[in-house]
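Counted from 1, the sequence shown has number 293 at position 287 by this note's numbering; the numbering is strictly sequential.
C-beta atoms are modelled at their ideal positions from N, C-alpha and C, and glycine is treated no differently.
Working notes, structure below.
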Amino acid sequence: METDKKDHAALRPKPLRLLPAIVIVILQWLIRFGLPGVVSADLATQIGIFGGLIGGVAIMIWWAFFSRAIWFERIGAIGLIILALFVTQQLNDESIRTANMGLMFIIFSIPVLSLAFVTWAVATRNLTTGIRRITMVITILLATGFWILLRTDGMDGSNHQDLAWRWSKTSEERLLAQSNDKLIPVSPDSAALAATAEWPGFRGSNRDGMVTGIKIATDWVKSPPAELWRRSVGPGCSSFAIHGTLLFTQEQRGEYEMVTCYNLNTGEPLWNHGDSARFWDSHAGAGPRSTPTLSNGRVYTMGGTGILNVLDERDGKLIWSRNAASDAKVKVLTWGFAGSPLVVGNLVIVSLSGKIAGYNIENGDPVWFGTDGGNSYSSPHQVTIAGIQQVLLMSQAGAISIEPESGKPLWNYDWQMTDRILQPTVIGEGDLLIVGETQAVRRIKVTLNQGTWSVKELWESDQIKANFNDFIIHKGFAYGFDGPSIACIDIKDGSRKWKGSPYRGFTILLADQDLILVLTEKGDLALVKATPDQFIELARIPAIKGKTWNHPAMVGDVVVVRNAMEMAAFRFPFVFVKTASR
Numbered sequence: 007m008e009t010d011k012k013d014h015a016a017l018r019p020k021p022l023r024l025l026p027a028i029v030i031v032i033l034q035w036l037i038r039f040g041l042p043g044v045v046s047a048d049l050a051t052q053i054g055i056f057g058g059l060i061g062g063v064a065i066m067i068w069w070a071f072f073s074r075a076i077w078f079e080r081i082g083a084i085g086l087i088i089l090a091l092f093v094t095q096q097l098n099d100e101s102i103r104t105a106n107m108g109l110m111f112i113i114f115s116i117p118v119l120s121l122a123f124v125t126w127a128v129a130t131r132n133l134t135t136g137i138r139r140i141t142m143v144i145t146i147l148l149a150t151g152f153w154i155l156l157r158t159d160g161m162d163g164s165n166h167q168d169l170a171w172r173w174s175k176t177s178e179e180r181l182l183a184q185s186n187d188k189l190i191p192v193s194p195d196s197a198a199l200a201a202t203a204e205w206p207g208f209r210g211s212n213r214d215g216m217v218t219g220i221k222i223a224t225d226w227v228k229s230p231p232a233e234l235w236r237r238s239v240g241p242g243c244s245s246f247a248i249h250g251t252l253l254f255t256q257e258q259r260g261e262y263e264m265v266t267c268y269n270l271n272t273g274e275p276l277w278n279h280g281d282s283a284r285f286w287d288s289h290a291g292a293g294p295r296s297t298p299t300l301s302n303g304r305v306y307t308m309g310g311t312g313i314l315n316v317l318d319e320r321d322g323k324l325i326w327s328r329n330a331a332s333d334a335k336v337k338v339l340t341w342g343f344a345g346s347p348l349v350v351g352n353l354v355i356v357s358l359s360g361k362i363a364g365y366n367i368e369n370g371d372p373v374w375f376g377t378d379g380g381n382s383y384s385s386p387h388q389v390t391i392a393g394i395q396q397v398l399l400m401s402q403a404g405a406i407s408i409e410p411e412s413g414k415p416l417w418n419y420d421w422q423m424t425d426r427i428l429q430p431t432v433i434g435e436g437d438l439l440i441v442g443e444t445q446a447v448r449r450i451k452v453t454l455n456q457g458t459w460s461v462k463e464l465w466e467s468d469q470i471k472a473n474f475n476d477f478i479i480h481k482g483f484a485y486g487f488d489g490p491s492i493a494c495i496d497i498k499d500g501s502r503k504w505k506g507s508p509y510r511g512f513t514i515l516l517a518d519q520d521l522i523l524v525l526t527e528k529g530d531l532a533l534v535k536a537t538p539d540q541f542i543e544l545a546r547i548p549a550i551k552g553k554t555w556n557h558p559a560m561v562g563d564v565v566v567v568r569n570a571m572e573m574a575a576f577r578f579p580f581v582f583v584k585t586a587s588r
């Protein structure tokens with residue numbers, strides 16, 4: 007009898023060794039989701055992603071070799087997990103299936119699955135074998151399969167996904183369902199339109215984000231910015247162009263890519279132009295990426311799929327249109343064509359990936375196509391060096407300068423970098439800051455000597471590593487973003503003077519007041535001192551809701567902001583300064 011009891015005990019499975027799994031999953035979740043409070047947001051994201059995946063592998067190793075589970079359960083669980091992950095990925099919404107270069111589901115589901123699996127192991131450790139196996143199957147299927155019910159409406163700069171139920175309406179669908187826009191034709195002041203546009207396109211007149219001629223109140227508790235209007239807008243990453251009371255932007259409305267014109271003072275729609283085109287990616291969502299450019303009464307726009315339009319700014323009448331991507335024989339980029347058109351003389355110059363092209367502004371005929379420098383989301387940038395007008399483009403190959411009339415290369419600076427986004431920043435004639443996105447920034451000097459161009463690197467600094475946030479230059483210092491945090495560096499040597507709040511936003515320099523107006527990624531407006539001694543935030547207010555990847559625009563005392571869901575205009579109490587705005 008005693009022998010039978012011993013034999014029965016010998017056949018009974020050993021209890022699961024659970025402590026290692028509990029420790030692993032706690033560490034996994036701390037690393038994956040707890041680091042932002044300890045290290046910088048960008049570093050936390052990178053470590054967290056790898057930590058979450060490594061934790062998942064560690065759980066599988068524990069289960070396979072150290073859990074004491076019977077081999078049938080070990081092999082069966084791992085096999086079912088692999089199968090469930092594979093099948094679920096095929097059934098996921100396209101937004102989840104393609105996000106993070108196709109890795110979002112794995113990145114986010116592994117920590118959830120690990121926690122669910124270890125919780126199951128702890129909760130069922132004393133149950134019968136049959137119940138344990140049934141609940142194991144249910145746990146694995148639920149922990150993976152529930153992702154089928156979700157979609158992502160995009161991510162922010164720290165890879166936080168905006169999850170929603172798969173069947174719920176997007177902001178664009180709600181806009182289309184509710185939209186009863188009545189276009190209100192107006193007769194713009196011909197004298198006002200005869201003047202140069204106050205904010206003619208991407209980042210202002212010189213694409214440098216600088217405004218002069220105004221001083222605004224800095225105490226927003228006593229004198230807060232007054233909201234002029236607020237309205238829904240279709241998705242897109244476009245900013246604004248402003249001429250008089252006309253406000254131009256680009257947005258997506260269903261299957262139509264729109265160029266839209268609104269009244270700056272009221273937000274009322276005036277006219278729109280639509281093309282049957284739709285660009286979408288799982289990071290930024292649907293819609294155009296570039297910003298309209300104004301020149302001599304015309305609106306020049308580049309769509310997300312490569313459609314180049316020229317419209318009459320008074321009524322939106324189409325003057326001419328080209329499929330520039332087809333003309334240049336380039337494929338649509340992963341995140342769409344984002345470069346804003348540049349008008350130089352009788353040409354409109356556009357960037358199509360890393361290929362630059364010039365079109366006759368009168369009839370739309372292609373005049374020249376430049377060489378392909380590789381992927382680029384940057385815009386053509388006009389500068390004058392040694393008295394010679396030229397156009398710069400940042401691309402995968404580095405920086406290239408071309409002669410605008412012919413497209414002939416003048417000089418280039420080799421600095422290989424995938425998917426460049428930012429503009430070159432002009433310090434002085436031939437003196438430039440160029441960015442290696444998340445790696446470093448370099449200052450280069452370009453000179454012309456006896457007909458030969460030369461480029462000299464003055465310094466390289468990793469004290470500021472911008473991503474999709476451009477620099478502004480003021481009184482010997484550069485202000486931009488080091489990852490998510492606004493920062494200041496000395497342009498003499500690239501040394502960092504200070505690092506401030508994690509706005510991860512877009513900036514306008516109010517040069518007459520030594521101030522920076524920041525539109526944060528979360529949609530706040532903040533006012534920061536543009537001085538090198540220390541970071542000082544003077545004021546901050548909520549402006550718009552939701553992830554904001556659109557540059558603000560400012561004319562006089564009015565600033566206009568938008569994202570993929572709404573746009574709004576605010577008026578600042580201000581003191582006028584005589585110099586004209588740029």
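The beta carbons of Thr266 and Phe285 sit about 16 angstroms from each other, so the pair does not count as a contact at 8 angstroms.
Phe477 sits in coil when the DSSP states are folded into three classes, being neither helix nor strand. Secondary structure within the stretch 419 to 474: not one fully enclosed alpha helix (DSSP H) run of 4 or more consecutive residues is present.
Spanning the alpha carbons of Ser174 and Trp205 requires a straight line of approximately 38 angstroms. Rounded to whole angstroms, the Cβ separation of Arg80 and Gly54 is 28 angstroms, and the two are not in contact under 8 angstroms. The Cβ atoms of Ser296 and Ser359 lie no closer than 9 angstroms to each other. Under the DSSP definition of a beta bridge, Trp68 lacks any partner. For Ser115, the three-state secondary structure derived from DSSP is helix. According to the DSSP assignment, Met142 belongs to the alpha helix (DSSP H) that extends over Thr135 to Gly151. When the five nearest sequence neighbours on each side are left out, the beta carbons in the same chain lying within less than 8 angstroms of the beta carbon of Asp420 are those of Ala403 and Gly404, in order along the chain. In the structure shown, Arg502 adopts extended strand secondary structure according to DSSP, grouped into three states.
With contact defined as three or more Cβ pairs closer than 8 angstroms, the stretch 362 to 375 and the stretch 415 to 433 are not in contact. By the CB criterion at 9 angstroms, Leu147 and Ala90 fall inside the cutoff.
With 16 or more other CB atoms across the displayed protein chains lying within 10 angstroms of its CB, Gln34 is buried. With a cut-off of 8 angstroms on Cβ pairs, the stretch 406 to 415 is not in contact with the stretch 430 to 444, counting fewer than three such pairs. Nearest Cα to Arg448 within the set Ile514, Ile495 and Trp417: Ile495. Boundaries of the alpha helix (DSSP H) around Asn106: Glu100 to Gly108.
About 6 angstroms separates the CB atoms of Gly242 and Gln258; that is less than 8 angstroms, so the two are in contact. The beta carbons of Ile470 and Ile522 sit about 14 angstroms from each other, so the pair does not count as a contact at 8 angstroms. Membership of Pro372 in any alpha helix (DSSP H) is not indicated; the residue belongs instead to the beta strand (DSSP E) covering Pro372 to Asp378.
One thing to note: Asn473 has its Cβ no nearer than 9 angstroms to the Cβ of Phe512.
Closest in C-alpha terms to Pro415, from the list Thr458, Ser385 and Gln422, comes Thr458.
For Thr537 and Val63, the gap between their C-alpha atoms comes out near 48 angstroms. In the three-state reduction of the DSSP assignment, Ile28 falls in the helix class. The beta-carbon distance between Asn278 and Gly309, rounded to whole angstroms, is 14 angstroms. This is too long to meet the 8 angstroms contact definition. Counting other Cβ atoms within 10 Å of its Cβ, Trp171 stays below 16 and is therefore classed as exposed.
According to DSSP, residue pairing for Asp496 in a beta bridge involves Phe483.
Judged by beta-carbon spacing, Ser177 lies beyond the 9 angstroms limit of Ala549, meaning their Cβ atoms are not closer than that value.
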